[in-house]
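For reference, the structure is listed below as C-alpha cells.
Residue numbers (the UniProt record's numbering): 1 to 151.
Right, here's the structure in full:
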C-alpha cells in the first residue's frame, strides 16, 4: 500500500469532487498583475479611481519592467472595450493609470509609450464625444510634459 501526499489528499481526509482544494482553478497561481488590475476595475465600478490600488500596480510595474507590455495590452483592451460599450468611467481610470505610470516608470517609458499614444489617438478620433476629446487632450499634454521633463 502506498502513501498519499498531503497535496493530493485534503486535510479533511476525504476525496470528494466539491472540495475546493482539488479544483483545478485553486491549484493554478494567479499572475500578480492580473490581480492588481482586477482590483482597480471591480464589477461595480466606483465613480472615482482608487489611487492606492493604482499606486500598487505602478510600483509593481516599476519593479518588474518585463510585465509592463502585458499590463498595457490589458489596459488597451479594457479601454477599447469601455469605449465600445460607452463606459467612460473605465476609460478615465485607465488614463489615471497611464498618468501614474508616466510619473513612476520614466525609465521604462518606451515599453508603454506606443500603447498610450494609440489610446490617445483613439480618444481624439471620438468626435461626437466632447468629454473623450478633452480627456485625450489632457493625456497628450501629460505625455508631452513627461517627455520634456525626462530629456
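Backbone N, C-alpha and C define an ideal beta-carbon position, used for all residues, glycine too.
Since this is a predicted model, take the numbers as computed values, not measurements.
Local conformation of residue i per DSSP, three classes
{"i": "residue 69", "result": "helix"}
{"i": "residue 105", "result": "coil"}
{"i": "residue 129", "result": "coil"}
{"i": "residue 48", "result": "coil"}
{"i": "residue 112", "result": "helix"}
{"i": "residue 143", "result": "helix"}
{"i": "residue 41", "result": "coil"}
{"i": "residue 86", "result": "coil"}
{"i": "residue 31", "result": "coil"}
{"i": "residue 64", "result": "coil"}
Residues near residue i in its chain [Cβ-Cβ closer than 7 Å; skip 5 each side]
{"i": "residue 78", "result": "41, 90, 94"}
Close Cβ partners of residue i (< 8 Å) along its chain, the five nearest in sequence each way excluded
{"i": "residue 132", "result": "83, 88, 91, 123, 126"}
Residue i beta carbon near the ligand MG (any heavy atom closer than 8 Å)
{"i": "residue 88", "result": "As presented, the structure is devoid of all ligands, the ligand MG included, so that no description of it is given."}
Residue i, buried or exposed, once every other Cβ within 10 Å from all chains shown has been counted against 16
{"i": "residue 144", "result": "exposed"}
{"i": "residue 5", "result": "The predicted position of residue 5 is uncertain, since its pLDDT is 47 and thus under 50; no value can be drawn from it."}
{"i": "residue 137", "result": "exposed"}
{"i": "residue 115", "result": "buried"}
{"i": "residue 65", "result": "exposed"}
{"i": "residue 110", "result": "exposed"}
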